[in-house]
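Contents: one structure, followed by commentary.
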Amino acid sequence: MENYKKIQIFDTTLRDGEQSPGASIAPERKIVIARQLAKLGIDVIEPGFAVSSAGEFAAVQQISRELQQVEIAGFARAVKGDIDAAVQATADAARRRLHLFISSSDIHLSHQLRKSREEVIRIARDMVAYGKQFVDEIEFSAMDSTRSGRDFVIQLVEAVIEEGATIINLPDTLGYAMPNEVIELFQAVRKEARGGNKVRYSAHCHNDLGMAVANSLAAIQGGATQIEVTVNGIGERAGNCSLEELVMAIETRRDYLKAETNVQIDQIYETSRIVSRTMNFPIAYNKPIVGRNAFQHESGIHQDGLLKNRNTYEIMDPEAMGISRSMIVLGKHSGSHAIKHRLADFGIEPTEEQFKAIYTRFKEVADGQKIVTDNELIRIAGDMTRTQLDPLVLVDLLVHAGTQRARTATVTVRENQDGREESYTAMGEGPLEAVILALKQAIPAEAEFEDLELHSLSTGEDAFGEAVVSVLYGGERFRGSSVHNDIILAAAQAYVSACNQAFMSAGAAQRENHGSRKIN
33 MENYKKIQIF DTTLRDGEQS PGASIAPERK IVIARQLAKL GIDVIEPGFA VSSAGEFAAV
93 QQISRELQQV EIAGFARAVK GDIDAAVQAT ADAARRRLHL FISSSDIHLS HQLRKSREEV
153 IRIARDMVAY GKQFVDEIEF SAMDSTRSGR DFVIQLVEAV IEEGATIINL PDTLGYAMPN
213 EVIELFQAVR KEARGGNKVR YSAHCHNDLG MAVANSLAAI QGGATQIEVT VNGIGERAGN
273 CSLEELVMAI ETRRDYLKAE TNVQIDQIYE TSRIVSRTMN FPIAYNKPIV GRNAFQHESG
333 IHQDGLLKNR NTYEIMDPEA MGISRSMIVL GKHSGSHAIK HRLADFGIEP TEEQFKAIYT
393 RFKEVADGQK IVTDNELIRI AGDMTRTQLD PLVLVDLLVH AGTQRARTAT VTVRENQDGR
453 EESYTAMGEG PLEAVILALK QAIPAEAEFE DLELHSLSTG EDAFGEAVVS VLYGGERFRG
513 SSVHNDIILA AAQAYVSACN QAFMSAGAAQ RENHGSRKIN
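The opening residue of the sequence shown carries number 33 in my numbering; numbering runs sequentially from there.
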């Protein structure tokens, strides 16, 4: 068996990631993300900047106390007050380190610190020695390393190693470097700094030129054994090295990198979603690994190849990352093979004549809108075969909304097996909540509501929005979507669509039993 280099993953979502414009999280909510990071298998968590506020101190302290299985990094400037706060906040951690930093580039020294190189070396020495009194593991970051003089970085690294630093971080703070420069920097410091072969090396790369992941991988090639990341790549300006992208690059190209991590990749998607929701920071549709389009295919040629062999157009297994399945997006570029395959997923097997009619109508609809949802395809098939195929049909939706009272929603649902209709009413804080609660009464408990996403597709008075609902059924995730200029109606239709997919994919036996579960 080949011997792979183990790469530690240092997550700074809760510290550097939180500095992303538009991202926010209350200190008391940090524990939610920290617990998921521990479940993900992260080696080191940097929970925050303890000296910055009482709330930050309390959050770092809580995470240090609760997550005994993870090493905690206390972040501090090369200032005694920062070090004291970091040491105190992480005192209850089972394993901890002190993460000290000071700038090393001439532009930072001249305009920010207003100190000479000699003064910076003295401060770094003194503060590493001070921190070493309290913590054995000291990570030292020479901020803006990639824009610093190579000789000075080596001198600075030598000085802190002499005082007891055990991990040297060489950050690309402004996302300025190119991969070959990163490799050369790490190799030079390891080789030329006295004691440089006795410490571990870390990389902290920003994404200003879109190179954060590439430069982090280059650092591994240069000798780094720790990479600092954030979930979804959030962070200042253009963000940090994306955890999911880095980990999956290592996982997918083990043959090339000869490296591996401790990350449980089946938790990647869930972690991404939790961070996005908790920090109120949406994920771009085309974001690698976790973006909505990452495993979706609309091109007819791609769809045809994918249906024959997934490896034709996918280099990763989405299910391995906790994503239920790759999705073929039905649109104007989709071919007949993809449409037949999707219909078969729902147990729909039209005759050749019926399929021609279905496909013709599908193309007409697809030309007028970007995506044809599963619900719409099923309805097209039903119209063309004169058969109502949905197990459940949303017959009517009525919402009462006012400023002085809770919102009330009444939904009428027909179950096609026996044709009976029932109405259900619920109240909620808002109209969406009321609609979802009403539909939950109509839908069998086995189809568990999981999540609702809303997306704006256009602007103006008649703006269209898309609702995407996820349900869990039999251990599998099903997603329904609907586009409408009434987003409340779209959400209701998407919920029913997701449930119909679940029931139809469960097979004939489940569909036969479904009728007696709720409406009787």
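For each residue, glycine too, the CB sits at the ideal point set by N, CA and C.
Remember, it's a predicted structure, so these values are computed and weren't measured experimentally.
Cutoff 6 angstroms; reference residue i; Cβ partners in own chain excluding five residues on either side
| i | result |
| --- | --- |
| C273 | C237, A244, V245, S248, V261 |
| E224 | I186 |
| L471 | V443, Y527 |
| G332 | The predicted position of G332 is uncertain, since its pLDDT is 47 and thus under 50; a value taken from the coordinates is nonetheless stated next. So the list reads H365, S366, G367, once near-sequence residues are dropped. |
| L69 | D43, I77 |
| T419 | For T419, the pLDDT reaches just 42, beneath the cut-off of 50, and the residue's location in the model is therefore unreliable, although a value from the coordinates is still provided. Excluding positions up to five away in sequence, the list is empty. |
Residue i and residue j closer than 7 angstroms at C-beta
| i | j | result |
| --- | --- | --- |
| A79 | L46 | The question names Ala, but residue 79 is Pro in the sequence shown. Yes, Cβ-Cβ distance for P79 and L46 is below 7 angstroms. |
| L289 | I282 | yes |
| M311 | A55 | yes |
| D240 | A191 | no |
| R97 | D138 | no |
| V83 | D43 | no |
| P463 | I520 | yes |
| D483 | S513 | no |
| Q296 | L99 | no |
| E302 | G354 | yes |
| R222 | G255 | yes |
| A474 | F510 | no |
| H516 | A524 | no |
| A220 | A235 | no |
| V231 | V263 | no |
| I390 | A376 | no |
| E485 | V500 | yes |
| V160 | E195 | yes |
| L188 | L202 | no |
| A108 | L132 | yes |
Contacts around residue i, its chain only, beta-carbon distance under 8 angstroms, and the 5 residues preceding and following it disregarded
| i | result |
| --- | --- |
| Q165 | none |
| N545 | Confidence is the limiting factor: at N545 the pLDDT is only 46, short of 50, which leaves the residue's position unreliable and the question unanswerable from this model. |
| A91 | L46, P59, E60, K62, I63, P79, G80 |
| E277 | V245, G265, P320, I321 |
| L141 | S135, K147, S148, R149, V152 |
| A438 | M459, G460, E461, A466 |
Delimiting residues of the beta strand (DSSP E) encompassing residue i
| i | result |
| --- | --- |
| D43 | 40 to 43 |
| Q258 | 258 to 261 |
| M459 | 452 to 460 |
| F481 | 480 to 488 |
| A105 | 103 to 109 |
| S308 | S308 -> not in any beta strand (DSSP E); alpha helix (DSSP H) instead, spanning 300 to 310. |
| D428 | 424 to 432 |
| F510 | 508 to 516 |
| R222 | Not the beta strand (DSSP E): R222 falls in the alpha helix (DSSP H), residues 211 to 224. |
Cβ-based neighbour list, residue i, same chain, cut-off 7 angstroms, excluding 5 preceding and 5 following
| i | result |
| --- | --- |
| Q40 | D75, V76, T257, Q258 |
| Q94 | I63 |
| T205 | M175, D176, H238 |
| K37 | T257, K290, A291 |
| G547 | Interpretation of G547 is limited by its pLDDT of 42, a score under 50 that renders its predicted location unreliable; no figure is taken from the coordinates. |
| I57 | E50, T310, M311 |
| N325 | Y317, N318 |
| G434 | none |
| R286 | Y36, E292 |
| S432 | Note on residue identity: the sequence assigns His, not Ser, to residue 432. Only R439, T440 meet the Cβ criterion. |
| L469 | A458, G460 |
| E88 | P59, G80, F81, A82 |
Enclosing alpha helix (DSSP H) for residue i [first to last residue]
| i | result |
| --- | --- |
| F133 | Premise fails: F133 lies in the beta strand (DSSP E), 127 to 135, not in any alpha helix (DSSP H). |
| L464 | 463 to 474 |
| T183 | Looking at the sequence itself, residue 183 is Asp, so the reference to Thr does not match. That run of the alpha helix (DSSP H) goes 182 to 194. |
| R439 | Per DSSP, R439 belongs to no alpha helix (DSSP H); it is in the beta strand (DSSP E), 439 to 447. |
| G87 | 86 to 98 |
| R67 | 62 to 72 |
| R324 | No alpha helix (DSSP H) holds R324; DSSP gives it neither H nor E. |
| V500 | Here V500 belongs to no alpha helix (DSSP H); instead the beta strand (DSSP E) covers 497 to 505. |
| I115 | 112 to 121 |
Check: residue i C-beta below 6 angstroms from any heavy atom of the ligand ZN
| i | result |
| --- | --- |
| G49 | With respect to the ligand ZN, the structure shown offers nothing to examine, as it has no ligands at all. |
Minimum Cβ-Cβ distance from residue i to chain C less than 7 angstroms
| i | result |
| --- | --- |
| F133 | The structure shown contains no chain C, having only a single protein chain. |
Taking 8 angstroms as the threshold, find out whether the segment 162 to 170 comes into contact with the segment 208 to 224 through three or more Cβ pairs.
-> no
Say whether the segment 120 to 127 touches the segment 142 to 162, bearing in mind that this needs 3 or more beta-carbon pairs closer than 8 angstroms, one atom from each stretch.
-> no
Unbroken alpha helix (DSSP H) runs of length 4 or more, entirely within the segment 243 to 290: which are they?
-> 244 to 254, 275 to 284, 286 to 289
At 4 residues or longer, and completely inside the segment 359 to 400: list those alpha helix (DSSP H) runs for me, N to C.
-> 368 to 377, 384 to 400
Could you tell me which uninterrupted beta strand (DSSP E) segments, each at least 3 residues in length, are contained entirely in the segment 131 to 177, listed from first to last along the chain?
-> 170 to 175
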